[in-house]
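Student:
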Amino acid sequence: MGVAEHINWADAACWNGTAFDGGWNTRLAASQDVVEPATGQPLWRTGVASGADMNAAIGRAHAAQAAWAATPPRDRAAILLKAAALFEQHFDELALMIARETGGIIPKGQHEVREAVVLCRLAAALPMQAQGQVLPSTPGRLSIARRVPHGVVGVISPFNFPLILSLRSVAPALALGNAVVLKPDVRTPASGGFIIARVFQEAGLPAGVLQVLPGNAEAGEALVVDPRVPMIAFTGSPGVGRRIGELAGKHLKKVSLELGGANNLIVLEDADLDAAASAVAFGAWFHQGQICMASNRVLVHAAIAEGLKARLVGKATHLPVGDGASGQVALGPMIDQKQLSHFDAVVKDTVKQGATLEAGGTHEGLCYKPTVLSGVKPGMRSFDEEPFGPVVNLVTFGSDDEAVALANTSQGGLAAAVISRDVGRAMAIGERLNAGMVHINDQTVNDDCTNPFGGPGLGGNGSAVGGPADIDEYTRWQWWTVKAALPQYPF
Ligand SMILES: NC(=O)C1=CN([C@@H]2O[C@H](COP(=O)(O)OP(=O)(O)OC[C@H]3O[C@@H](n4cnc5c(N)ncnc54)[C@H](O)[C@@H]3O)[C@@H](O)[C@H]2O)C=CC1
Ligand SMILES: O=Cc1ccc(S(=O)(=O)O)cc1
Numbered sequence: 000m001g002v003a004e005h006i007n008w009a010d011a012a013c014w015n016g017t018a019f020d021g022g023w024n025t026r027l028a029a030s031q032d033v034v035e036p037a038t039g040q041p042l043w044r045t046g047v048a049s050g051a052d053m054n055a056a057i058g059r060a061h062a063a064q065a066a067w068a069a070t071p072p073r074d075r076a077a078i079l080l081k082a083a084a085l086f087e088q089h090f091d092e093l094a095l096m097i098a099r100e101t102g103g104i105i106p107k108g109q110h111e112v113r114e115a116v117v118l119c120r121l122a123a124a125l126p127m128q129a130q131g132q133v134l135p136s137t138p139g140r141l142s143i144a145r146r147v148p149h150g151v152v153g154v155i156s157p158f159n160f161p162l163i164l165s166l167r168s169v170a171p172a173l174a175l176g177n178a179v180v181l182k183p184d185v186r187t188p189a190s191g192g193f194i195i196a197r198v199f200q201e202a203g204l205p206a207g208v209l210q211v212l213p214g215n216a217e218a219g220e221a222l223v224v225d226p227r228v229p230m231i232a233f234t235g236s237p238g239v240g241r242r243i244g245e246l247a248g249k250h251l252k253k254v255s256l257e258l259g260g261a262n263n264l265i266v267l268e269d270a271d272l273d274a275a276a277s278a279v280a281f282g283a284w285f286h287q288g289q290i291c292m293a294s295n296r297v298l299v300h301a302a303i304a305e306g307l308k309a310r311l312v313g314k315a316t317h318l319p320v321g322d323g324a325s326g327q328v329a330l331g332p333m334i335d336q337k338q339l340s341h342f343d344a345v346v347k348d349t350v351k352q353g354a355t356l357e358a359g360g361t362h363e364g365l366c367y368k369p370t371v372l373s374g375v376k377p378g379m380r381s382f383d384e385e386p387f388g389p390v391v392n393l394v395t396f397g398s399d400d401e402a403v404a405l406a407n408t409s410q411g412g413l414a415a416a417v418i419s420r421d422v423g424r425a426m427a428i429g430e431r432l433n434a435g436m437v438h439i440n441d442q443t444v445n446d447d448c449t450n451p452f453g454g455p456g457l458g459g460n461g462s463a464v465g466g467p468a469d470i471d472e473y474t475r476w477q478w479w480t481v482k483a484a485l486p487q488y489p490f
């Protein structure tokens, strides 16, 4: 088995077909190779959970949860802090693992581990915060609203930034007294699951509180419909999100849906063109455009459209594409052939619909060249759909009103950005955009562990993750009244 030679502490041998059940004792129904996108070679084997595997994991988490919720807050906090220290201690090894498993460049892997440290530290503060209110009440009665954990939280995460997009739910949910069943994507089970399992195992999390099982729709749906799991935190595509939302509704449970983006980056005619081109290139091409907040629609004022296009074509022609883990390239491979074929079809169809291919549009293996399309309009696939690949879609406008109207043609987006030397004008445009996150003088790929992350429409169901949103998401209200003695009733 081609277990990567650089894995030492993470001990890849232990997850060769097993789930994390507190140890590595549960063999899953099936197993398959995890293929490194850059080389096509197997990195390791992962277990693939069945519905029955999921059922058993939920049972283990459910049995462990009450004792975990009763663990003193400072002891839960200490485990989260230990986890942060372990991510920091094994920074280089984990960053390289993520780069190899996800096809990312090394700085992208480093970003995930760096953010993991901060996420765990922030989560460590949650158990120590007062979480409730003493309410006005009748004399002789104490009335308290307090936040309590849901119980078992199911986390379902995607392939693109697997460590962060799993951990941003796992860490606060655990910190607040929930047990967690985590189902990462089978293409990225180590980055999205087993690294987290290994860290919490060594940090001293009691056995059973965290279960990690890679799986597909069968295992995912078993998690969503199980009555012992009152909350699901899902990050992924709008199509699967809709299905999970339907199931969660049917089974009367809370669901947080963090979905896809129609993200508009608006460049006004007074922008510094060199700086704007570099922001657009990063926003559209970083991690091969496989980012929910990628700058997939670039709305540019007609007066500067040619200048911006020329600069982007220059960058597209020169940016090196290849094995992200080599340290020599700006763009790595896409995650797999299916994702690449989907993206390639979006580009080709958009050209058939009248857009002009200015650069890119070709690939070697899974490495797709940074692509520039001009003359993109509503009604074309790359404008209407989330391309989830390395493309700048150039859309021209002539007035601020037109830019706002173009941006708001979708049902709402995750992130928007406006670039201009006139900050007041840019803010006035930003105010009118239907987006969950608005950035003035930046591109759209922005996240801090301290901000609530989410968006309307296809971006999600109004939930958010991060910062002030975490206590709302991973606990629920419970009302308590206390009287010194039972009152007399008239019946
Ligand atoms: N809003 C956000 O923070 C983020 C959103 N995304 C969105 O995710 C998409 C790309 O990720 P993909 O992995 O292709 O998404 P996906 O929706 O295909 O898969 C996401 C997860 O759902 C699981 N899954 C698939 N079918 C399921 C079912 N029927 N029941 C339960 N689980 C199921 C998959 O195994 C995976 O773990 C893009 O649309 C992107 O915008 C990605 C990252 C972050
Ligand atoms: O794809 C969505 C996505 C990707 C990355 C991040 S973070 O910057 O690592 O937080 C958030 C959402």
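Per numbering that gives the first Met the number 0, the sequence shown starts with residue 0, numbered consecutively. Where a beta carbon is used, it is the ideal one built from N, C-alpha and C, also for glycine. For clarity, every value in this text was computed on a predicted model and none was experimentally measured.
(1) Please determine, among A170, Q210, D271 and G248, the residue with the shortest C-alpha to C-alpha distance to R26.
(2) Under DSSP, the alpha helix (DSSP H) around E219 begins and ends at which residues?
(3) Please classify Y488 as buried or exposed, where buried requires at least 16 other C-beta atoms within 10 Å of its C-beta.
(4) Does the Cβ of Q287 have 16 or more other Cβ atoms within 10 Å, making it buried, or fewer, making it exposed?
(5) Residue ranges of each alpha helix (DSSP H) run of no fewer than 4 residues wholly in the segment 241 to 313, ordered along the chain?
(6) Do G235 and P183 have their beta-carbon atoms positioned less than 7 Å apart in this structure?
(7) Along the chain, which unbroken stretches of the beta strand (DSSP E) at least 3 residues long are found entirely within the segment 341 to 368?
(8) What residues are listed by DSSP as bridge partners for W478?
(9) Leaving aside the five residues before and after G1 along the sequence, list all residues of the same chain whose C-beta is less than 6 Å from its C-beta, in chain order.
(10) Find out if the Cβ-Cβ distance for the pair A63, L264 is shorter than 7 Å.
(11) Between which two residues does the alpha helix (DSSP H) harbouring F382 extend?
(12) Below 8 Å on the Cβ atoms is my guess for A270 versus I418; work out the distance and round it to an integer in Å.
(13) For a minimum of 4 consecutive residues, which ranges assigned as the alpha helix (DSSP H) are wholly contained in the segment 389 to 477?
(14) Cβ atoms of T370 and P386: under 7 Å apart, would you say?
(15) Out of curiosity, what's the CA-to-CA distance linking L298 and S373?
(16) F158: beta carbon under 6 Å from a heavy atom of ligand 2?
(17) From this set, A402, N7, G378 and V279, which residue's C-alpha is nearest D441's C-alpha?
(18) Relative to ligand 2, is the shortest distance from any of its heavy atoms to the C-beta of I194 smaller than 6 Å?
(19) What is the DSSP secondary structure of L204, counted as helix, strand or coil?
(20) Does the separation of the CB atoms of V320 and L330 fall below 7 Å?
(21) Check each candidate in L222, G364, C291 and E257 and name the one with the smallest Cα separation from K58.
(22) Return yes when at least one heavy atom of ligand 4 lies under 6 Å from the C-beta of I155, else no.
(23) Helix, strand or coil for A18, going by three-state DSSP, please let me know.
(24) Measuring CB atoms only, is the segment 106 to 117 touching the segment 60 to 77, in the sense that at least three cross pairs come out at less than 8 Å?
(25) Taking only the alpha-carbon atoms, compute the straight-line gap between G506 and E472 and give it to the nearest angstrom.
(26) What does DSSP give as the partner residue(s) for Q210 in the beta ladder?
(27) Could you tell me if F285 is buried or exposed, where buried requires 16 or more neighbouring beta carbons within 10 angstroms of its beta carbon?
(28) Under DSSP, the alpha helix (DSSP H) around Q132 begins and ends at which residues?
(29) Within 8 Å, do at least three Cβ pairs link the segment 341 to 359 to the segment 117 to 127?
(30) Pick helix, strand or coil for E111, following the three-state DSSP scheme.
(31) Once you ignore the five residues that flank T187 on each side, which residues in its own chain have a CB closer than 6 Å to its CB?
(32) In this structure, does DSSP put P386 in helix, strand or coil?
(33) When DSSP labels each residue in this structure, what does D32 get in the three-state scheme?
(34) Check each candidate in F199, P213 and T38 and name the one with the smallest Cα separation from G22.
(35) Alpha carbon to alpha carbon, how far is G282 from W479?
Tutor: Let me lay it out:
(1) Q210
(2) The sequence shown places Gly at residue 219, rather than the Glu named in the question. Element bounds for G219: A216 to V224.
(3) Burial call: exposed.
(4) buried
(5) 272 to 284, all fully within the segment 241 to 313.
(6) no
(7) Within the segment 341 to 368, the beta strand (DSSP E) runs of at least 3 residues that lie entirely inside it are, in chain order, 355 to 358.
(8) A144
(9) Reliability fails at G1, whose pLDDT of 41 lies under 50, so the model's placement of it is uncertain and the value that follows must be treated cautiously. Correct list, in chain order: Q40 and P41.
(10) no
(11) R380 to D383
(12) 5 Å
(13) Inside the segment 389 to 477, DSSP marks whole alpha helix (DSSP H) runs of 4 or more residues at positions 399 to 406, 422 to 430 and 468 to 473, from first to last along the chain.
(14) Their beta carbons are not under 7 Å apart, which means P386 does not touch T370 by this criterion.
(15) Distance from the CA atom of L298 to the CA atom of S373, rounded to whole angstroms, is 10 Å.
(16) no
(17) V279
(18) Flag unset: Cβ of I194 not near ligand 2.
(19) coil
(20) yes
(21) It is worth fixing the name first, because residue 58 is Gly in this sequence and not Lys. G58 has its Cα closest to that of L222, out of L222, G364, C291 and E257.
(22) Ligands displayed in this structure: ligand 1 and ligand 2; ligand 4 is not among them.
(23) Residue state, collapsed to three classes: strand.
(24) no
(25) Nothing can be reported for residue 506, as the shown portion of the chain is limited to 0 through 490.
(26) V180
(27) Buried.
(28) Looking at the DSSP string, Q132 is not in any alpha helix (DSSP H); the run it does join, the beta strand (DSSP E), is G131 to L134.
(29) Contact check between the segment 117 to 127 and the segment 341 to 359: fewer than three CB pairs, one atom from each, fall below 8 Å, which does not count as touching.
(30) helix
(31) E100, T101, F158 and P161
(32) coil
(33) strand
(34) F199
(35) 48 Å
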